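Novice:
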Amino acid sequence: MRGARPISLLKTVGVLLAKDLLIEWRTRARLNALIFFALATLLLFSFAVGPDSKVLARNAGGYLWLALLFSSVLALGESFRVEQENLTLDGLRLAPADARAIFLSKALGNALLLMLLGAILIPVMVALYAVNVAMGMGSFAATVTLGCMAISAPGTVYSAIASNARARDVLLPLLLFPLIIPALLAAAKATSLVLQGDPMNQLGSWYGLLIGFNLIYWGLGFLLFPRVIED
Numbered sequence: 743m744r745g746a747r748p749i750s751l752l753k754t755v756g757v758l759l760a761k762d763l764l765i766e767w768r769t770r771a772r773l774n775a776l777i778f779f780a781l782a783t784l785l786l787f788s789f790a791v792g793p794d795s796k797v798l799a800r801n802a803g804g805y806l807w808l809a810l811l812f813s814s815v816l817a818l819g820e821s822f823r824v825e826q827e828n829l830t831l832d833g834l835r836l837a838p839a840d841a842r843a844i845f846l847s848k849a850l851g852n853a854l855l856l857m858l859l860g861a862i863l864i865p866v867m868v869a870l871y872a873v874n875v876a877m878g879m880g881s882f883a884a885t886v887t888l889g890c891m892a893i894s895a896p897g898t899v900y901s902a903i904a905s906n907a908r909a910r911d912v913l914l915p916l917l918l919f920p921l922i923i924p925a926l927l928a929a930a931k932a933t934s935l936v937l938q939g940d941p942m943n944q945l946g947s948w949y950g951l952l953i954g955f956n957l958i959y960w961g962l963g964f965l966l967f968p969r970v971i972e973d
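Here the sequence shown is numbered in my numbering, starting from 743 and rising by one per residue.
(1) Can you give me the start and stop residues for the alpha helix (DSSP H) that Glu728 sits inside?
(2) Report yes or no: do three or more beta-carbon pairs, one from the segment 910-918 and one from the segment 952-959, lie closer than 8 Å?
(3) Among Gly792, Ile971 and Leu921, which residue has its Cα nearest to the Cα of Asn906?
(4) Is it true that the segment 772-791 meets the segment 872-879, where meeting means three or more beta-carbon pairs spaced less than 8 Å apart?
(5) Could you pull out every residue in the same chain whose Cβ sits closer than 6 Å to the Cβ of Tyr805, ignoring the five residues on either side in sequence?
(6) Thinking just about the alpha-carbon of each residue, which of Leu850, Pro920 and Pro865 is nearest to the one in Thr887?
(7) Can you tell me whether Trp767 is buried or exposed, with buried defined as 16 or more other CB within 10 angstroms of its CB?
(8) Is Lys931 buried or exposed, if buried means 16 or more other CB atoms sit within 10 Å of its CB?
(9) Count the other CB atoms, across all protein chains shown, that sit within 10 Å of the CB of Val899; report buried if there are 16 or more and exposed otherwise.
(10) Output yes or no for whether 7 Å exceeds the beta carbon distance between Ala731 and Gly950.
(11) In whole angstroms, what is the alpha-carbon distance linking Arg770 and Ala904?
(12) Whole-angstrom Cβ separation of Leu859 and Leu810, contact assumed at under 8 Å?
(13) Can you give me the Cβ contacts of Leu965 inside the same chain, cut-off strictly under 7 Å, excluding the 5 residues immediately before and after it?
(14) Tell me the rounded alpha-carbon separation between Phe919 and Leu854.
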């Protein structure tokens, strides 16, 4: 439109994020499925290991992040379902707004959903695996936040790519899992240190890896997402 002013990026992100959160809150179908699936995954790990509480406690951080990773496929795979079914994405692309706002709103929404799931799983994991949070809940919250953001950014980009494919449910994990191995390893190691203590001060190094991963992939997603939805 002639004379139309471009909508500011932050305002657009806020509007789109509020829209996604409102839809999620009204239906809650995806959140309920994620909670059930993640809890079942934690239970399956405890059944597979057996009654050896020391093994469960030692590997609790890895089990938590595997549950979050598997659950993230369900969350990310549904990110663009509403837009694809109602052709909303085409309308957003035609709107006088920065297309990168779509990436930021979707990635932030997915990260918040995974963080909420992590907050629900933490007390279950502590009770189920009989672990203690040696370094406090503040460090635990920081680890979960960084790890969930590391999954969300590349996962949102690949979800947009896979949304137009017939085998999108298979394509998304094939693209995502190899990419986030460094972030998943760092998150699992950091969680284990938070639970068991950090006598050698290694936690900062794992946080550095997570922060670097987030900076790279949030930046790449922000820059490349307009091309992704155009193609």
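Backbone N, C-alpha and C fix where the C-beta goes; we use that ideal spot for every residue, glycine too. Only a predicted model underlies this, so the values are computations on that prediction, with no experimental measurement involved.
Specialist: On the basis of the supplied data:
(1) The displayed coordinates of the chain run from 743 to 973. Any statement about residue 728 would go beyond what the structure contains.
(2) No, they do not touch.
(3) Considering only alpha carbons, the answer is Ile971.
(4) No, because fewer than three Cβ pairs between the segment 772-791 and the segment 872-879 fall closer than 8 Å, the two stretches do not touch.
(5) Phe787.
(6) With distances taken between Cα atoms, Thr887 lies closest to Leu850.
(7) The residue in question, Trp767, is exposed, as its Cβ has fewer than 16 Cβ neighbours within 10 Å.
(8) With 16 or more Cβ atoms within 10 Å of its Cβ, Lys931 is classed as buried.
(9) Looking at its Cβ environment, which holds 16 or more other Cβ atoms inside 10 Å, Val899 is buried.
(10) Since the displayed the chain opens at 743 and closes at 973, residue 731 lies outside it and no answer follows.
(11) Between Arg770 and Ala904, the C-alpha separation is close to 23 Å.
(12) Yes, they are in contact, since the Cβ atoms of Leu859 and Leu810 sit about 7 Å apart, within 8 Å.
(13) For Leu965, where only same-chain residues beyond five positions count, there are no Cβ hits under 7 Å.
(14) If you draw a straight line from the Cα of Phe919 to the Cα of Leu854, it is about 20 Å long.
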